[in-house]
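Sequence order for the protein chains is A and B.
The opening position of the first sequence corresponds to residue 1 in the numbering used here, with each subsequent residue numbered one higher.
The opening position of the second sequence corresponds to residue 1 in the numbering used here, with each subsequent residue numbered one higher.
We treat Cβ as the ideally placed atom computed from N, Cα and C, and that holds for glycine.
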Amino acid sequence: MNKRNILIVDDEKNIVMSLSDYLEADYNCYKAYSVDEAIKIMKDSPVDVVISDVRMPGKTGFDLIRWLKENKPKVKTIMMTAYGSDSVKRAIRKEGAIFYFEKPIDYSEIKNIIEHIFSPKGFTADLDGMDLIDMMQILGFSGKDCTVTVRNRLGESGKVFLKNSVLLNAETDFNTGLEAFYDIIKWESGSFSVGALEGDVKPEISFSLEHLLLEVSRIRDESEREYETAKEKAVAGDYTDFFKEMKDKLEECLALYVKKGKTGSVIVSLVDDQKYSIENAIKDYNPGTSSKIKLDEMLMTLENTYIIIQQLNSIDVIITAIFKKPCNIGLKYLTISKYKPLVEGMIK
Amino acid sequence: MSIKEELINQAFSETNDLMGVFEILPSNAINKYRILDEKKHKPAEMLPFLQNLVSETKKICSVLKETPTEIIANSSDYTFLITTIKTDGSSLVLMLPKEGNIGVAKVIAQRVVAQCKSK
Chain A
1 MNKRNILIVD DEKNIVMSLS DYLEADYNCY KAYSVDEAIK IMKDSPVDVV
51 ISDVRMPGKT GFDLIRWLKE NKPKVKTIMM TAYGSDSVKR AIRKEGAIFY
101 FEKPIDYSEI KNIIEHIFSP KGFTADLDGM DLIDMMQILG FSGKDCTVTV
151 RNRLGESGKV FLKNSVLLNA ETDFNTGLEA FYDIIKWESG SFSVGALEGD
201 VKPEISFSLE HLLLEVSRIR DESEREYETA KEKAVAGDYT DFFKEMKDKL
251 EECLALYVKK GKTGSVIVSL VDDQKYSIEN AIKDYNPGTS SKIKLDEMLM
301 TLENTYIIIQ QLNSIDVIIT AIFKKPCNIG LKYLTISKYK PLVEGMIK
Chain B
1 MSIKEELINQ AFSETNDLMG VFEILPSNAI NKYRILDEKK HKPAEMLPFL
51 QNLVSETKKI CSVLKETPTE IIANSSDYTF LITTIKTDGS SLVLMLPKEG
101 NIGVAKVIAQ RVVAQCKSK
């Protein structure tokens, strides 16, 4: 499938370069550092969307919108401004830009808008308070051919591709196929948008959506039962079994340590491979004790591993978990957060 | 690394979330470039916290024989984004409020690091 063409216009070269770097995996990006340069590019090259700054030396973003209206009326415009006053916003709307962003720009939001522009028949909705499985069921019943883009509250995104009630494929930043579908369906809150089925989807799953959703419901029930069992063990003070289950639940977890902060005494040490044995290094580990600022949680990204450190300051306990890269670290983070109240209740 | 003043100014002009910029040297000494409102966000509390955090992190990395590329640390009031510059072992630290926009901070950090490397 041919890539769509985006033109980025800003006199700040850093913004043009970094936004272009961010978008160029999915779109052809043209770069211009003035309105005159932008107009010259558009006379010579096909452009679908223009992303432009408002204030630039010489001609402004408003001049560019007016030129587009007269010469390239089908080109959509997104405006960026560091001066987001109400009058500027009104002026942007009046001139006909379809969307505007205040600087600093969250590039993922711009990407969402571009995706929305290229999926004009889609709709967007807020997923909070609604079960993703229910929404998938509705789409399955409708037999709609579509791409469902889901974003969780940590900003990770995934796509589910449906055709005639069949799941063709799914993808996240870390997985494709069934694994990606199960990752996405585990996300508990976020937002989604439904657009036209993308033309270049490689069918990797091709299972009935109804069958898969039943399987997901079964897995969820099982997961809830496991959580309840872990809760019972936590109440009974059965540390080792409780943390073993937690480690299993985390999947791809190479090592899990639980220690007291001040004394350094290790409560639980579960290590798959001695290579990841960091017990001595974390023995005295207690950042924040020498200052008034207390660490709550930390995510370390190393060359080959991720390390999540959660400090439960109310009970002076530190949980350290090591994961092999690549993995869906956002999901691990959510899982550890889910277990935190149980650990707090168990260790006093 | 020597972060240029112009890069710091640009970073602050791009986001209201940025509250401070620091550089941690390989010796674990800290260069404080700027903290907004030093009466409220006291360097005397901030710097020992960061030094302690980084030295403890180094201990773990040395056992695993790995180099950190990025650390996101949340305290009750702040989020710190620590980005390693591999060429000289120093790190750039961006200080944000607890619920600050980490995505924007990452973009700023990547740009500052890239420009420091190219200079």
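Q. For A:E293 and chain B, any beta-carbon pair shorter than 8 Å?
A. Taking the first sequence and counting its residues from 1, the one referred to as residue 293 of chain A is at position 293. Note that residue 293 of chain A is Ile in the sequence shown here, rather than Glu. It does; some Cβ of chain B falls within 8 Å.
Q.
Quick check: the Cα distance between A:V166 and A:W187, rounded to an integer number of angstroms?
A. Counting from 1 along the first sequence, the entry for residue 166 of chain A is found at position 166. Counting from 1 along the first sequence, the entry for residue 187 of chain A is found at position 187. Distance between the alpha carbons of A:V166 and A:W187 is about 21 Å.
(Q) Suppose only complete runs of 4+ residues qualify. What are the alpha helix (DSSP H) ranges in the region 17-80 of chain A, listed by chain order? (A) 35-44 and 61-71
Q | C-alpha gap between A:E179 and A:F118, whole angstroms | A | Residue numbering aside, residue 179 of chain A sits at position 179 when the first sequence is read from its first letter. Residue numbering aside, residue 118 of chain A sits at position 118 when the first sequence is read from its first letter. Going by the C-alpha atoms only, they are around 27 Å apart.
Q: Keeping to the same chain, check which residues put their C-beta closer than 6 Å to that of B:E99; ignore five residues upstream and five downstream.
A: By one-based count along the second sequence, residue 99 of chain B stands at place 99. Correct list: empty, nothing qualifies.
Q) When the cut-off is 8 Å and only beta carbons count, does A:M298 lie next to chain B? A) Within the first sequence, the letter at position 298 stands for residue 298 of chain A. It does; some Cβ of chain B falls within 8 Å.
Q: Helix, strand or coil for A:Y339, going by three-state DSSP, please let me know.
A: Indexing the first sequence from 1 puts residue 339 of chain A at position 339. Here A:Y339 sits in helix by DSSP.
(Q) Runs of 3 residues minimum, wholly inside the region 226-266 of chain A: which ones carry the beta strand (DSSP E) assignment? (A) 253-260
Q. Considering only C-alpha positions, which residue in the set A:K324, A:E303 and A:E344 is nearest to A:I318?
A. Here residue 318 of chain A refers to the residue found at position 318 when the first sequence is read from its first residue. When each option's Cα is compared against that of A:I318, the closest is A:E344.
Q: Only counting runs of 3 or more residues, tell me where the beta strand (DSSP E) segments fall wholly within the region 5-82 of chain B, in order along the chain.
A: 20-24, 30-35 and 68-75
Q) What first and last residue would you give for the beta strand (DSSP E) that runs through A:G158? A) For the purposes of this step, residue 158 of chain A is identified with residue 158 of the first sequence, where counting begins at 1. Looking at the DSSP string, the run of the beta strand (DSSP E) that includes A:G158 is S157 to K163.
**Q.** chain D contact for A:P104 (CB, 8 Å cutoff)
**A.** Absent from the structure is chain D; the protein chains it does hold are A and B.
Q: Can you tell me which of A:E24, A:S45 and A:L312 puts its alpha carbon nearest to the alpha carbon of A:V261?
A: As a working mapping, residue 261 of chain A is identified with position 261 in the first sequence. First, the amino acid is wrong: residue 261 of chain A is Gly here, not Val. A:G261 has its Cα closest to that of A:L312, out of A:E24, A:S45 and A:L312.
Q. Going by other Cβ atoms of all chains shown within 10 Å of its Cβ, with 16 needed for buried, is B:S13 buried or exposed?
A. As a working mapping, residue 13 of chain B is identified with position 13 in the second sequence. Exposed: under 16 other Cβ atoms inside 10 Å.
Q.
Helix, strand or coil, according to DSSP, for A:L167 in the structure here?
A. Stepping through the first sequence from its first residue, residue 167 of chain A is reached at position 167. DSSP places A:L167 in strand when its eight states are reduced to three.
(Q) Quick check: the Cα distance between A:I78 and A:Y276, rounded to an integer number of angstroms? (A) Taking the first sequence and counting its residues from 1, one reaches residue 78 of chain A at position 78. Taking the first sequence and counting its residues from 1, one reaches residue 276 of chain A at position 276. Between A:I78 and A:Y276, the C-alpha separation is close to 48 Å.
Q.
Looking only at its chain, what residues have a beta carbon closer than 6 Å to the beta carbon of A:M246, apart from the 5 residues adjacent to it on each side?
A. For this step, residue 246 of chain A is matched to residue 246 along the first sequence. Cβ within range, chain order: Y339.
Q: Can you give me, in chain order, the residues of the region 60-79 of chain B that have a beta carbon less than 8 Å from any beta carbon in chain A?
A: I60, C61, S62, V63, L64, E66, T67, P68, T69, E70, I71, I72, A73, N74, S75, S76, D77 and Y78
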